[in-house]
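Contents: one structure, followed by commentary.
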Ligand SMILES: [Zn+2]
Ligand SMILES: [Zn+2]
């Protein structure tokens with residue numbers, strides 16, 4: 001492996017383990033610092049000591065670069081690999097192996113931490129067949145949601161990064177507004193492959209309002225997936241938040257009827273939907289999408305946690321849209337438009 005690959009994988013693994021951002025950034029800075037330097041040049045600079053004085057290269061990064069140049073796996077990377085946790089059950093591992101991609105991810109265009117390129121690179125490392133880029137919509141100002149103009153601009157960037165090895169699908173995580181409509185122009189939504197509709201505001205509103213908003217989102221022919229349906233937070237830096245209350249029988253019946261998938265959000269702080277609602281959605285005949293809601297490359301590897309929950313709940317794999325071949329998936333996301 002090249003020193004750049006070793007540093008990038010370390011940053012990715014630290015993110016997956018949700019390490020402190022400054023530790024992750026140190027390795028990302030090191031990747032950038034040596035991005036355009038060839039191995040021979042790096043060796044020469046390591047030998048004469050100038051590499052260690054290069055801006056962006058700390059002691060640990062220098063050690064990783066040096067060991068990668070010697071041809072082995074750097075010790076620090078090996079330690080992180082050894083510590084990596086796999087899904088704990090056979091059923092979870094088996095389901096994870098069936099998952100082809102991820103329909104809910106963010107980049108620095110909204111509130112993610114890295115360029116789209118880094119997300120694509122990580123998805124490739126993980127062997128994903130495709131990734132939908134779903135940055136936020138204008139209503140979510142705190143997350144730098146994309147205006148119609150910026151989303152239009154992003155579509156060209158996404159098209160340029162799409163390739164045969166790892167398909168990058170244009171998408172959006174669109175806010176479900178208080179009247180149940182989606183927060184982006186329909187003509188623009190028409191150009192996207194994946195529309196994840198999520199509630200991010202007034203999550204404590206009464207049961208009647210939340211139900212109406214979810215039903216509105218499901219009724220919109222652009223919607224493919226309902227993201228983190230209860231909005232709950234069960235752990236993590238942002239603290240906890242109770243789940244939104246809604247008429248789950250009506251909402252899951254409507255989703256099953258429309259063929260809209262209920263997201264199984266893999267993030268440890270979300271674990272959404274909760275077990276009881278997941279069981280109810282299975283019984284209602286819903287489709288599901290196991291997604292990471294990644295805001296950094298390392299988060300893409302959280303998919304195993306979602307697979308573990310889905311397997312434990314007994315979600316039939318045929319009803320998980322991300323196990324389907326990509327052409328079938330795209331036929332499904334465009335079916336109601
Ligand atoms: Zn969200
Ligand atoms: Zn999201």
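Residue numbers (the working numbering): 1 to 337.
Note that the Cβ used here is the ideal one computed from N, Cα and C, for glycine as well.
None of the values given here were measured: they were computed from a predicted structure.
Quick check on DSSP: helix, strand or coil for residue 136? To locate residue 136, count along the chain shown from 1; it is residue 136. DSSP places residue 136 in the strand class (E or B) of the three-state scheme.
Examine ligand 2 and report whether any of its heavy atoms sits within less than 7 Å of the Cβ of residue 121. By one-based count along the chain shown, residue 121 stands at place 121. Residue 121: no, Cβ never under 7 Å from ligand 2.
What's the gap between the Cα of residue 21 and the Cα of residue 15? Numbered from 1 along the chain shown, position 21 holds the residue referred to as residue 21. Numbered from 1 along the chain shown, position 15 holds the residue referred to as residue 15. Approximately 8 Å between the Cα atoms of the pair.
What I want to know is whether the C-beta of residue 198 ends up closer than 7 Å to one or more non-hydrogen atoms of ligand 1. Position 198 of the chain shown, counting from 1, holds the residue named residue 198. True, at least one ligand heavy atom lies under 7 Å from that Cβ.
Excluding the 5 residues flanking residue 157 on each side, which residues of the same chain have their C-beta closer than 7 Å to its C-beta? For this step, residue 157 is matched to residue 157 along the chain shown. For residue 157, where only same-chain residues beyond five positions count, the Cβ hits under 7 Å are 116.
Cα-Cα, which of 182, 73 and 262 is closest to residue 216? On the chain shown, position 216 is the one that residue 216 refers to. Among 182, 73 and 262, the Cα nearest to that of residue 216 belongs to 182.
- prompt: What do you reckon, is the C-beta of residue 227 under 7 Å from a heavy atom of ligand 2?
  reply: Here residue 227 is taken as the residue at index 227 of the chain shown, counted from 1. Between ligand 2 and residue 227, a heavy atom-to-CB distance of less than 7 Å is present.
DSSP state of residue 280 mapped onto helix, strand, coil
On the chain shown, position 280 is the one that residue 280 refers to. Helix.
Next on the checklist: Check for me: the alpha helix (DSSP H) holding residue 120 runs from which residue to which?
Outcome noted: Here residue 120 corresponds to residue number 120 of the chain shown, with the count starting at 1. Bounds of the alpha helix (DSSP H) holding residue 120 are 116-125.
For residue 232 versus residue 272, is the C-beta spacing smaller than 8 Å?
Stepping through the chain shown from its first residue, residue 232 is reached at position 232. Stepping through the chain shown from its first residue, residue 272 is reached at position 272. In this structure, residue 272 lies closer than 8 Å to residue 232 by Cβ.
DSSP bridge partner residues for residue 101 (one or two, in chain order)
Within the chain shown, numbered from 1, the residue matching residue 101 stands at position 101. In DSSP, residue 101 forms a bridge with 130.
Nearest residue (CA-CA) to residue 207, options 179, 228, 245 and 223 = In the chain shown, counting from the first residue as 1, residue 207 sits at position 207. Shortest Cα-Cα distance from residue 207 to any of 179, 228, 245 and 223 involves 245.
**Q.** As assigned by DSSP and simplified to three states, the class of residue 241
**A.** Against the chain shown, residue 241 aligns to sequence position 241. Note: residue 241 maps to strand in three-state DSSP.
**Asked** How would you call residue 147, buried or exposed, if buried means at least 16 neighbouring beta carbons within 10 angstroms?
**Response** Reading the chain shown from its first residue, position 147 is the one you call residue 147. Classification of residue 147: exposed, given that the 10 Å Cβ count is below 16.
- Straight-line CA distance for residue 327 to residue 224? Translated into the one-based positions of the chain shown, residue 327 becomes position 327. Translated into the one-based positions of the chain shown, residue 224 becomes position 224. Distance between the alpha carbons of residue 327 and residue 224: 15 Å.
* Asked: So, are the CB atoms of residue 297 and residue 118 less than 8 Å apart?
  -> One-based indexing of the chain shown puts residue 297 at position 297. One-based indexing of the chain shown puts residue 118 at position 118. With contacts defined by Cβ atoms closer than 8 Å, residue 297 and residue 118 form a contacting pair.
Between which two residues does the alpha helix (DSSP H) containing residue 61 stretch? Reading the chain shown from its first residue, position 61 is the one you call residue 61. Per DSSP, the continuous alpha helix (DSSP H) segment holding residue 61 begins and ends at 59-69.
* Asked: Helix or strand or just coil, what does DSSP make of residue 335?
  -> Taking the chain shown and counting its residues from 1, one reaches residue 335 at position 335. DSSP places residue 335 in the coil class of the three-state scheme, outside both helix and strand.
Subject >> Length of the line joining the Cα atoms of residue 50 and residue 57 >> reply: Looking up residue 50 in the chain shown gives position 50. Looking up residue 57 in the chain shown gives position 57. Residue 50 and residue 57: Cα-Cα distance of roughly 10 Å.
**Message:** With distance defined between alpha-carbon atoms, name the residue in 54, 145, 311 and 277 nearest to residue 253.
**Reply:** Counted from its first residue, the chain shown places residue 253 at position 253. Of the listed residues, the one whose Cα sits closest to residue 253 is 277.
By Cβ distance below 8 Å, which residues in the same chain neighbour residue 32 in space, the five residues on each side in sequence not counted?
-> Taking the chain shown and counting its residues from 1, the one referred to as residue 32 is at position 32. Excluding sequence positions up to five before and after residue 32, its CB lies within less than 8 Å of the CB of 56, all in the same chain and listed in chain order.
CB-CB length for residue 201 against residue 220, believed under 8 Å: The count along the chain shown starts at 1 and reaches residue 201 at position 201. The count along the chain shown starts at 1 and reaches residue 220 at position 220. Cβ atoms of residue 201 and residue 220 stay farther apart than 8 Å, at about 17 Å.
Near ligand 2: residue 263 beta-carbon under 7 Å from a heavy atom
As a first step, residue 263 is located in the chain shown; it is residue number 263 there, counting from the start. In terms of side-chain proximity, the C-beta atom of residue 263 is found no nearer than 7 Å to any non-hydrogen atom of ligand 2.
- residue 111 and residue 143: beta carbons closer than 8 Å? Within the chain shown, the letter at position 111 stands for residue 111. Within the chain shown, the letter at position 143 stands for residue 143. Yes, the Cβ-Cβ distance between residue 111 and residue 143 is below 8 Å.
Could you name the residues of the same chain whose beta carbon sits closer than 7 Å to that of residue 301, not counting the 5 residues immediately before and after it, in chain order?
Sequence index remark: in the chain shown, residue 301 carries index 301 (1-based). The answer, listed in chain order, is 16 and 126.
field: Option nearest residue 310 by Cα separation, candidates 59, 92 and 54
entry: In the chain shown, counting from the first residue as 1, residue 310 sits at position 310. For the residues 59, 92 and 54, the minimum Cα distance to residue 310 belongs to 92.
Segment limits, beta strand (DSSP E) that includes residue 173
Sequence index remark: in the chain shown, residue 173 carries index 173 (1-based). In the DSSP annotation of this structure, the continuous segment of the beta strand (DSSP E) that includes residue 173 starts and ends at 167-175.
Exercise for review: Could you name each continuous alpha helix (DSSP H) segment of 4 residues or more that falls completely within the segment 207-262, going from the start of the chain to the end?
Suggested key: Counting only runs of 4 or more, we get 207-219 and 248-258.
Exposed or buried, which one is residue 193 when buried takes at least 16 other CB atoms within 10 Å? On the chain shown, position 193 is the one that residue 193 refers to. Residue burial is scored here from C-beta neighbours: residue 193 has at least 16 other C-beta atoms within 10 angstroms and is therefore classed as buried.
message = Need the endpoints of the beta strand (DSSP E) that residue 197 sits in, please.
response = Position 197 of the chain shown, counted from the start, is the residue given in the question as residue 197. Residues 194-198.
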